[in-house]
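Numbering (our numbering), first residue to last: 20 to 243.
For each residue, glycine too, the CB sits at the ideal point set by N, CA and C.
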């Protein structure tokens with residue numbers, strides 16, 4: 020698989036570089052550069068404009084905080100979608116993981132979360148995706164978590180005084196795991212930044228070898 024050596028192009032004019040190329044010219048690493056672009060969202064090629072779904076998800080997560088009707092669940096759903104994309108598309112020569120689920124792969128490879136925190140975030144994702152709930156008990160019973168969102172929490176994840184036993188007691192206060200959604204969103208953006216850095220340094224690995232597959236999964240093209 021041809022991979023562009025971005026490290027040798029340090030300081031190059033990305034705008035002019037991509038304007039000289041057609042969509043069909045781009046290899047997977049060049050498409051990944053467009054995919055991971057958090058600042059522009061659109062890249063002009065010689066025959067079309069390519070936009071990134073990852074950029075749209077980041078923008079959705081950020082803007083949803085400003086709307087009372089979307090500030091609760093939308094940022095979380097957007098962040099988990101971002102992590103799914105990252106974990107499904109990229110790996111790293113600097114760090115490996117045995118996880119298979121995209122979200123877990125992204126968190127284990129590109130963040131500082133420990134195993135327990137990764138499992139809790141994945142449990143939160145499952146609760147939201149399966150029944151829109153902030154409570155999750157895994158099928159094997161290993162994960163039992165009651166979540167509440169707290170903008171006042173100092174950390175992304177605040178662990179409970181006592182891990183929940185899966186029983187719905189009269190009061191669950193001591194069992195609640197708190198999530199600061201804004202901090203989680205910042206953590207997810209830092210993961211995207213790290214992927215970009217590793218791409219430029221040559222340590223990011225591509226899990227998708229076919230440029231067409233990568234394009235149709237994560238990017239969109241509009242005519243000039």
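DSSP three-state label for residue 1, please. Only positions 20 to 243 of the chain appear in the structure, and residue 1 is not among them; the question remains open.
So what does DSSP say about residue 224, is it helix, strand or coil? strand
Do you know how far the Cα of residue 64 is from the Cα of residue 150? Looking at the two C-alpha atoms, the distance is approximately 42 angstroms.
Considering only residues of the same chain and omitting the five flanking positions on each side of residue 154, which have a CB-CB separation below 8 angstroms? Hits under 8 angstroms: 146, 164, 165, 166.
The ligand COA and residue 231: does the residue's C-beta get closer than 6 angstroms to at least one heavy atom of that ligand? Absent from the structure shown: the ligand COA. Ligands present: none.
Which residue from 43, 35, 54 puts its Cα closest to that of residue 244? Residue 244 cannot be examined here, being either before or after the span of the chain that is shown, 20 to 243.
Determine the burial state of residue 242: buried for a count of at least 16 other Cβ atoms within 10 Å of its Cβ, exposed for fewer. exposed
Suppose only complete runs of 4+ residues qualify. What are the alpha helix (DSSP H) ranges in the segment 78–154, listed by chain order? If we require 4 residues or more, the alpha helix (DSSP H) runs fully inside the segment 78–154 come out as 93–108, 121–129, 134–150.
In this structure, does DSSP put residue 48 in helix, strand or coil? helix
What residues in its chain sit with their C-beta under 8 angstroms from that of residue 20, if we drop five residues either side in the sequence? Any answer about residue 20 is weak, because its pLDDT of 45 lies below 50 and its placement is not dependable; what the coordinates show is given next. Cβ within range, chain order: 46, 47, 225, 228.
What is the C-beta distance between residue 104 and residue 73, in whole angstroms, given that I count them as a contact (C-beta under 8 angstroms)? 6 angstroms
Which of helix, strand or coil does DSSP assign to residue 54? helix
Here's the rule: buried if 16 or more other CB atoms are within 10 angstroms of the residue's CB, otherwise exposed. What is residue 50? buried
Would you list the residues sitting across from residue 238 in a DSSP beta bridge? 71
Assuming residue 109 and residue 223 are in contact, meaning their beta carbons sit under 8 angstroms apart, how far apart are those beta carbons, in whole angstroms? Right, their Cβ atoms sit about 6 angstroms apart.
Look at the alpha carbon of residue 71 and the alpha carbon of residue 42, and state the distance between them as a whole number of angstroms. 14 angstroms
Nearest to residue 57 by CA position, among 198, 213, 87, 85, is which residue? Measuring from the Cα of residue 57, the nearest candidate turns out to be 213.
Measuring straight from C-alpha to C-alpha, what distance separates residue 161 and residue 134? 13 angstroms
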